[in-house]
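Trainee: So for the sequence shown, the working numbering puts the first residue at 7; every next one is plus one. There's a structure below that I have some questions on.
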Amino acid sequence: MLGPLEIVKRLPRTNCGECGEPSCLAFAVALAAGKVSPEACPYLSPDLAREFSQAARPEVADQTLAILREVRAEVRKIDLAAKAEALGGRLEKGKLLLAYLDGVVALQAETAERLDGQPLDPRDQILLYNYVRFGRGSPLSGKFVGLEAFPHSVSKVATLRRYAEEPLARALEAHESLLRMILPRFRFRELEGADLAVEVWVLPRVPLRLYFWHGEAEEGLAGEAKILYDQRALDYLDLESLVFCAERLVERWLELAGL
7 MLGPLEIVKR LPRTNCGECG EPSCLAFAVA LAAGKVSPEA CPYLSPDLAR EFSQAARPEV
67 ADQTLAILRE VRAEVRKIDL AAKAEALGGR LEKGKLLLAY LDGVVALQAE TAERLDGQPL
127 DPRDQILLYN YVRFGRGSPL SGKFVGLEAF PHSVSKVATL RRYAEEPLAR ALEAHESLLR
187 MILPRFRFRE LEGADLAVEV WVLPRVPLRL YFWHGEAEEG LAGEAKILYD QRALDYLDLE
247 SLVFCAERLV ERWLELAGL
């Protein structure tokens, strides 16, 4: 991994603060430490962001597994039977069953697996364990807001845009009919207000609203997507996990469509 001084030389050095750090040097230090992703800087070119990501990949993999061990340790302290109803799940043979994306997962402190046998990425497992850890069981508001409405979300908004909203917009612009056919694989309902508008439940208490508007090719305008969260979403997941919910939903939707 490059050091902070090598990284900062390749940044815009405008100290704009849009990444959530007070300066480009602070961002470089955080990036070198693995505390932020390259994509948090909205002015970093995709090629350079990819280079930084590839350089960090071994460290990131190790860090992901370390986080997974930590969250599992936290879940060992939780009575899954007592918390199942608050999370919208049920306990069966000592395992917490939760609807997740297009399937159902069975979760214990040491294991998390889909009932259909498909593998769960370590990042999916971290998300599920965080849902168990943070979920309060409080009622959702039914009012939806952009990620930017939550405190301390500046850098996460850029990540959401790059890894969820922009890929979703590109895919729907090119393959809307195909992607509409895949929607029934998820727990969803149609809404109004855009060329495509749906509410999809990633987890039992984590609905996302996805809106897509076609672009105007004649005017050089690309399609646009926006993802909204329930105002009480932070009662169930932290900001980073909420962003990952959106990323993973888009990834899975495209994956099921063969895109």
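We put the CB at the ideal spot given by N, CA and C, even for glycine. This structure is a prediction, so every number in the text was calculated from the model and none was measured.
Using a threshold of 8 Å, state whether the C-beta atoms of L104 and V110 are closer than that.
Mentor: Contact flag set, yes.
Trainee: Less than 8 Å between the C-beta atoms of F156 and L245, yes or no?
Mentor: Between F156 and L245, the C-beta gap is smaller than 8 Å, which places the two residues in contact.
Trainee: I'd like the ranges of any beta strand (DSSP E) spanning at least 3 consecutive residues and lying wholly in the region 170 to 207.
Mentor: 194 to 196
Trainee: Check whether the region 166 to 178 touches the region 116 to 125, counting contact only when three or more Cβ pairs, one atom from each stretch, lie closer than 8 Å.
Mentor: Verdict: no, contact absent.
Trainee: By the 10 Å Cβ neighbour count, where 16 or more other Cβ atoms means buried, how is D201 classified, buried or exposed?
Mentor: D201 is exposed by the Cβ-count criterion.
Trainee: Helix, strand or coil: how does DSSP classify L107 here?
Mentor: coil
Trainee: How big is the Cα-Cα spacing for L189 and V212?
Mentor: Taking the straight line joining both Cα atoms gives about 17 Å.
Trainee: Applying the 10 Å Cβ sphere with the 16-neighbour rule, what's the burial state of G148?
Mentor: exposed
Trainee: Can you tell me whether F156 is helix, strand or coil according to DSSP?
Mentor: It is coil, neither helix nor strand.
Trainee: Strictly by DSSP, which residues pair up with Y235?
Mentor: V151, L214
Trainee: Which of helix, strand or coil does DSSP assign to K89?
Mentor: helix
Trainee: Using the DSSP secondary-structure output, state which residues sit across from K101 in a beta bridge.
Mentor: E98
Trainee: Check whether the region 72 to 80 touches the region 128 to 138, counting contact only when three or more Cβ pairs, one atom from each stretch, lie closer than 8 Å.
Mentor: yes
Trainee: Where does the unbroken alpha helix (DSSP H) through E261 begin, and where does it stop?
Mentor: 245 to 262
Trainee: Sort K162, R215, A55 by Cα distance to V249 and report the nearest one.
Mentor: K162
Trainee: Please tell me whether L260 and F218 are closer than 8 Å, where the distance is taken between their beta carbons.
Mentor: no
Trainee: Tell me the rounded alpha-carbon separation between A164 and E205.
Mentor: 22 Å
Trainee: Between P48 and the rest of its own chain, which residues show a CB-CB distance below 6 Å, the 5 nearest in sequence each way excluded?
Mentor: For P48, where only same-chain residues beyond five positions count, the Cβ hits under 6 Å are E24, A164.
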